[in-house]
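Notes for the one structure printed next.
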Amino acid sequence: MESATLTDRERTEPPRREPAVPNCVIGTILFVGTEIMLFAGLISAHVIFMSERIGELWPPPGQPRLPFEETAINTAALMASGIVLAFGRLAYNQQPRRALLPLGMALALGMFFVGFQGVEWVGLIGEGLTLQSSTYGAFFYTIVGAHALHAVAALICLAWAWSRLWRGTLGKAHFDSVQIFWYFVVLVWPVIFFQVYQ
Amino acid sequence: MADASVTTVEGAVEHHAHEHHGPQGILKYIWSTDHKIIAMQYLFTGLFMGLVGGLMAYVFRMQLAFPGISVPGFGVVSPHEYNALVTNHGSIMIFWVAMPVLIAAFGNFLIPLMVGADDMVFPKINRLSYQVFFVSAVLILASLFVEGGGFGGAWTAYPPLSAQGDYNLSSLGATLWLIAVALEFIAFLLGGINFITTMMNSRAPGMKAYDIPLVCWMIVIASILFMLSVGPLIAGAIMLLFDQTIGTGFFDPARGGDPILWQHLFWFFGHPEVYVVLLPALGITIDIVATFSRKKVFGYKIMLYTVVATGVLSFFVWAHHQFIAGIDPRMANVFMVTTLLISVPIAELCFVVIATLYGGSITLNTPMLWALAFMAEFLLGGVTGIFLGATGADIYLHDTYFVLAHFHYTFFPIAIIGTFAALTYWFPKMFGRMMNDTLGKIHFWGTIIPFNFIFIPLFVLGLGGQHRRIYDFQNFPELAAMQPFRVFATMSLIVMLLFQLVFFYNFIQSLRKGPKAERNPWKANTLEWTTESPPPHGNWPPDQLPRVYRGPYEYAHPDREEDYWPQNLPA
Chain A
1 MESATLTDRE
11 RTEPPRREPA
21 VPNCVIGTIL
31 FVGTEIMLFA
41 GLISAHVIFM
51 SERIGELWPP
61 PGQPRLPFEE
71 TAINTAALMA
81 SGIVLAFGRL
91 AYNQQPRRAL
101 LPLGMALALG
111 MFFVGFQGVE
121 WVGLIGEGLT
131 LQSSTYGAFF
141 YTIVGAHALH
151 AVAALICLAW
161 AWSRLWRGTL
171 GKAHFDSVQI
181 FWYFVVLVWP
191 VIFFQVYQ
Chain B
199 MADASVTTVE
209 GAVEHHAHEH
219 HGPQGILKYI
229 WSTDHKIIAM
239 QYLFTGLFMG
249 LVGGLMAYVF
259 RMQLAFPGIS
269 VPGFGVVSPH
279 EYNALVTNHG
289 SIMIFWVAMP
299 VLIAAFGNFL
309 IPLMVGADDM
319 VFPKINRLSY
329 QVFFVSAVLI
339 LASLFVEGGG
349 FGGAWTAYPP
359 LSAQGDYNLS
369 SLGATLWLIA
379 VALEFIAFLL
389 GGINFITTMM
399 NSRAPGMKAY
409 DIPLVCWMIV
419 IASILFMLSV
429 GPLIAGAIML
439 LFDQTIGTGF
449 FDPARGGDPI
459 LWQHLFWFFG
469 HPEVYVVLLP
479 ALGITIDIVA
489 TFSRKKVFGY
499 KIMLYTVVAT
509 GVLSFFVWAH
519 HQFIAGIDPR
529 MANVFMVTTL
539 LISVPIAELC
549 FVVIATLYGG
559 SITLNTPMLW
569 ALAFMAEFLL
579 GGVTGIFLGA
589 TGADIYLHDT
599 YFVLAHFHYT
609 FFPIAIIGTF
619 AALTYWFPKM
629 FGRMMNDTLG
639 KIHFWGTIIP
649 FNFIFIPLFV
659 LGLGGQHRRI
669 YDFQNFPELA
679 AMQPFRVFAT
689 MSLIVMLLFQ
699 LVFFYNFIQS
709 LRKGPKAERN
719 PWKANTLEWT
729 TESPPPHGNW
739 PPDQLPRVYR
749 GPYEYAHPDR
759 EEDYWPQNLP
769 A
């Protein structure tokens with residue numbers, strides 16, 4: 001825009017200032033803020049639900065215990081994915097193409113996380129935990145399912161970022177946006193894990 | 199740095215293409231990404247929905263005044279139809295009239311023009327926002343005609359009534375209602391992201407934070423409030439949708455759920471929502487009052503900080519809707535204190551407006567009348583709110599017509615008076631023609647006087663103990679005796695609705711034959727008045743985007759001959 005039509009006015013006056021934070025980063029932060037409030041709503045609903053059941057037999061009779069230990073491994077995989085992505089960002093600052101490997105690893109770890117969850121869900125449904133079987137099950141599938149949907153969406157963004165990086169067209173602002181979204185998915189998970197799987 | 203420039207060039211190329219190869223013909227008005235056209239789409243959809251909501255009010259008010267009558271144009275109102283009408287009247291007026299017109303239409307139209315940008319920063323997301331909104335509007339209207347009828351569980355949708363088709367007998371209507379509301383929220387999330395980012399990043403060179411017109415600030419603060427409060431309600435809506443369709447038991451006590459949980463999730467959003475729609479209307483009022491009293495806004499920064507304080511406080515008052523829902527009385531006391539506290543900043547805002555008027559050279563034309571009426575009527579709404587905020591009084595007044603009259607005294611000024619104020623003020627800029635001031639004043643008085651005549655009787659009825667959700671009061675001898683009040687309110691409503699014909703006549707006539715508007719018919723300072731009326735695509739010629747040298751309200755500056763000093767005029 002600046003180079004195409006430079007008028008006298010623009011030559012004499014300073015150009016429109018460069019925004020301190022790029023548009024798509026602000027947009028992503030606002031979106032993630034809303035998502036944080038969505039999960040705050042779901043999690044606080046679960047907290048209230050649990051507080052009304054203090055002293056009751058838990059989990060309810062006939063319902064399986066949630067696989068805390070296996071999911072702890074899975075949680076570690078997701079955390080690792082976030083850390084690898086942080087190293088990817090550092091590598092990108094030096095040489096964009098150096099971020100290809102860490103970004104790919106973050107993507108693979110994220111896919112492992114979602115896949116592992118899928119396997120876990122199949123097992124739990126087999127043990128009789130469904131949305132309708134009890135409010136316990138309903139909360140589990142709603143909250144963890146909402147997170148899984150966000151994880152899949154964020155993985156699609158990561159894959160898109162990786163393909164643009166491969167073609168050498170991934171801008172800094174786009175990398176930042178994808179990174180913020182993935183960090184949201186990574187960091188909201190431990191809260192869900194300790195609240196829902198306890 | 200290299201990457202940043204790559205992005206900029208890409209953006210510029212994209213924008214360039216959009217300018218020259220945008221949709222042509224009729225598609226221009228449907229598929230455009232221009233913020234002004236999207237604003238018009240929101241405006242006309244919102245006005246249409248306002249008409250639908252107003253006619254719904256006509257039907258159920260007729261039933262209340264003349265129970266069992268065959269309402270002209272509708273027929274006999276059955277109890278279920280009555281419930282569906284009041285529910286959808288409330289939902290439509292808040293979600294499909296107040297929000298699209300005040301936030302989306304005027305936010306879209308004003309923010310880029312007032313901050314000196316050529317468009318929103320995310321034009322395609324903006325278009326998507328309207329499309330999602332349009333689908334939601336179609337769904338809410340469709341929900342009235344499906345098998346079992348529209349949803350009749352009030353706009354608050356309290357479970358267990360809303361949780362299962364067996365209870366509300368309109369399972370399809372309830373589900374469609376819920377999906378429509380959820381889609382509407384998504385539309386406004388997309389819009390809000392645009393408003394906030396545009397105001398942060400696309401301001402004209404020289405425009406500092408305190409040079410932004412207050413109406414832009416208000417719309418942006420309202421968007422932030424909306425985005426922070428809506429998450430828990432979306433969470434609740436997902437859970438309620440599962441209760442309705444899959445058969446979970448989040449909110450249904452019969453299936454091990456907790457109905458009060460929904461009330462918390464709903465009102466955590468529901469109370470900030472009042473301020474979400476109030477703030478844009480207040481910003482519109484302030485801008486109009488400053489222009490037509492030819493005075494600088496008294497205490498620009500005080501106003502801004504007060505509004506932020508109101509916004510923060512509005513997140514801690516929600517349980518005042520639940521005083522008699524069985525919450526802990528100690529908690530109720532806390533919420534009573536915060537609720538009464540919130541009247542302090544609102545009173546401050548009223549005083550700011552009065553101080554702006556004081557000593558001004560006031561022109562009482564149509565927009566100014568609407569703006570002043572907004573303050574007067576909203577004040578009545580606020581004062582009656584104090585009674586309801588006090589736990590002791592609320593036990594008696596809860597769910598009576600007193601509550602109903604109270605929130606109509608807040609929402610009517612916001613949604614209707616605020617809309618007319620903005621529409622009459624920015625009409626020359628939006629459509630390039632002047633509106634007829636005499637017809638505007640006739641419409642003003644024909645709306646304001648009947649409005650008070652509708653709702654003052656309802657205060658009396660509420661104090662007399664009339665409950666909100668009753669279809670026919672003839673079964674209650676004490677309440678049946680107050681029938682003249684109901685008839686009077688209904689008659690006033692019909693008068694008010696008829697006076698809207700004056701507005702539509704004036705609107706269409708002015709659009710066709712009104713005198714051409716110059717760039718700055720009101721001699722106002724803000725940037726939107728520096729471009730043509732109506733503004734061309736891109737708002738200003740690409741090489742003449744404005745620069746800003748001063749604040750938006752420099753009226754009657756002692757050093758200047760003229761009594762206004764546009765923001766873009768070099769010193």
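Residue numbers (the numbering used here), protein chains in the order written: chain A, 1 to 198; chain B, 199 to 769.
Every residue, glycine too, gets a C-beta built ideally from N, C-alpha and C.
It should be emphasised that the depicted structure is a prediction, and the values quoted were computed from it without experimental measurement.
Residue i beta carbon near the ligand MN (any heavy atom closer than 7 Å)
i: Val413 (chain B); result: Looking for the ligand MN in the displayed structure turns up nothing, as the structure carries no ligands at all.
Endpoints, alpha helix (DSSP H) assigned at residue i
i: Leu131 (chain A); result: First-last for Leu131 (chain A): undefined, no H or E at that position.
i: Phe549 (chain B); result: Ser541 to Leu555
i: Lys639 (chain B); result: Asp635 to Leu661
i: Leu502 (chain B); result: Tyr498 to Leu511
i: His596 (chain B); result: It is not in any alpha helix (DSSP H) - His596 (chain B) carries neither H nor E in the DSSP assignment.
i: Ile83 (chain A); result: Phe68 to Gln94
i: Arg758 (chain B); result: Segment: none, Arg758 (chain B) is in no alpha helix (DSSP H) and carries neither H nor E.
i: Glu471 (chain B); result: Pro457 to Phe490
i: Lys172 (chain A); result: Lys172 to Val196
i: Gln672 (chain B); result: Per DSSP, Gln672 (chain B) belongs to no alpha helix (DSSP H) and is neither H nor E.
i: Trp58 (chain A); result: Segment: none, Trp58 (chain A) is in no alpha helix (DSSP H) and carries neither H nor E.
i: Leu577 (chain B); result: Thr564 to Gly587
i: Ser427 (chain B); result: Leu412 to Thr443
i: Val250 (chain B); result: His233 to Ala263
Local Cβ density within 10 Å of residue i, reported as buried at 16 or more and exposed below that
i: Thr561 (chain B); result: exposed
i: Gln672 (chain B); result: exposed
i: Phe683 (chain B); result: buried
i: Arg401 (chain B); result: buried
i: Asn766 (chain B); result: buried
i: Tyr408 (chain B); result: exposed
i: Asn723 (chain B); result: buried
Euclidean distance between Cα positions of residue i and residue j
i: Leu170 (chain A); j: Asn392 (chain B); result: 23 Å
i: Phe705 (chain B); j: Thr622 (chain B); result: 9 Å
i: Asp364 (chain B); j: Trp121 (chain A); result: 31 Å
i: Thr468 (chain B); j: Trp516 (chain B); result: Correcting the residue type first, residue 468 (chain B) is Gly in the shown sequence and not Thr. When rounded, the distance between both Cα atoms is 7 Å.
i: Leu131 (chain A); j: Pro60 (chain A); result: 14 Å
i: Val178 (chain A); j: Ala153 (chain A); result: 10 Å
i: Phe31 (chain A); j: Leu387 (chain B); result: 8 Å
i: Leu187 (chain A); j: His147 (chain A); result: 11 Å
i: Pro611 (chain B); j: Met573 (chain B); result: 8 Å
i: Ile614 (chain B); j: Gly118 (chain A); result: 51 Å
i: Asp670 (chain B); j: Ser327 (chain B); result: 41 Å
i: Phe193 (chain A); j: Val25 (chain A); result: 28 Å
i: Thr645 (chain B); j: Glu676 (chain B); result: 32 Å
i: Ala603 (chain B); j: Ala361 (chain B); result: 28 Å
i: Ser341 (chain B); j: Phe140 (chain A); result: 31 Å
i: Asn186 (chain B); j: Ala173 (chain A); result: Any property of residue 186 (chain B) remains undetermined from this structure, which presents chain B solely from 199 to 769.
i: Gly348 (chain B); j: Gly41 (chain A); result: 28 Å
Backbone secondary structure at residue i - three-state DSSP
i: Tyr753 (chain B); result: strand
i: Arg164 (chain A); result: helix
i: His665 (chain B); result: strand
i: Val746 (chain B); result: coil
i: Gly712 (chain B); result: coil
i: Ser289 (chain B); result: helix
i: Arg401 (chain B); result: coil
i: Val32 (chain A); result: helix
i: Val693 (chain B); result: helix
i: Ser341 (chain B); result: coil
i: Ser268 (chain B); result: strand
i: Val274 (chain B); result: strand
i: Arg200 (chain A); result: Here chain A comprises residues numbered 1 to 198, so residue 200 (chain A) is not present and cannot be evaluated.
i: Arg684 (chain B); result: helix
i: Arg717 (chain B); result: coil
Examine the Cβ distances between the segment 328-344 of chain B and the segment 380-390 of chain B and report whether three or more of them are shorter than 8 Å. yes
How do the segment 476-484 of chain B and the segment 410-425 of chain B stand: do at least 3 beta-carbon pairs fall below 8 Å, yes or no? yes
Count the C-beta pairs between the segment 543-561 of chain B and the segment 496-504 of chain B that are closer than 8 Å, then say yes if the count reaches three, no if not. yes
Is it the case that the segment 721-735 of chain B contacts the segment 524-543 of chain B, given that we only count it when at least three CB pairs across the two stretches are under 8 Å? no
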